[in-house]
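When we follow the UniProt record's numbering, the leftmost residue of the sequence shown carries the number 1, and every step to the right adds one. Note that CB positions come from ideal geometry on N, CA and C, so glycine has one too. Here's the structure, in structure tokens; my notes come after.
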Amino acid sequence: MDVGGYTTGLGGKLSNFTPRVFVLDNIECACLEGPLQAFKFEDPEMQKRICMMSGQEAKAIGQTRNEAWQSSQTLWWQGKSYDRLSPEYQQLLDRLYEAALLSAGFADDLLATGDEVLTHSIGVHDPRKTVLTEEEFCTRLMANRSKIRKTREA
């Protein structure tokens, strides 16, 4: 199943652009795209503002920082810098998707995909060019789906 804002149905609902209110490290977020774009900014106050934007607004403002973060390969979250290729950044992504699971409907939407392999056909593969590769996105969705299923079956 192809997942993204460009698709319809369940695949579209699993997009990072879908409004889903959740809290990441005491910061309220309006959708998953907000924090992903906020990671490109060093200023924690700016990050808070971006986290509350719609997906489209967050993406637009994040694009203004692509050259800066790509040249340094550094991302930030609440005063801490992260090397893009580091295990610590992967842990931040894990925390992000785990926090989003607590938003209304996200877990149910994931479970509704059954056992389908989730893909993101327009995703970028090179981690030096994107804050979230297709693999990082889809493997987190499928891993969280398995985790939810086990929790609900217990």
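Cβ of residue i within 9 Å of Cβ of residue j?
i	j	result
Ala68	Cys51	no
Leu141	Leu93	no
His120	Glu134	yes
Pro127	Leu85	yes
Lys13	Gly105	yes
Gln73	Asp83	yes
His70	Gln47	A small correction: the amino acid at residue 70 is Gln; His does not occupy that position in the sequence shown. No, the pair does not count as a contact, with Cβ atoms beyond the cut-off.
How close, in whole Å, do the beta carbons of residue i and residue j come, if the pair is a contact with beta carbons under 8 Å?
i	j	result
Leu110	Cys138	Going by Cβ atoms, the distance from Leu110 to Cys138 rounds to 12 Å, so no, they are not a contact pair.
Ser54	Ala30	7 Å
Ser103	Phe22	4 Å
Is residue i helix, strand or coil by DSSP?
i	result
Asp115	coil
Glu88	helix
Tyr82	strand
Asp94	helix
Phe106	helix
Report the rounded CA-to-CA distance for residue i versus residue j, giving the unit in angstroms.
i	j	result
Leu96	Thr7	23 Å
residue 166	Gln56	Since the first residue of the chain shown is 1 and the last is 154, residue 166 is not available in this structure.
Ser81	Glu153	38 Å
Val3	Leu101	16 Å
Leu24	Phe41	16 Å
Trp76	Glu116	33 Å
Thr64	Leu36	14 Å
Ile122	Lys150	30 Å
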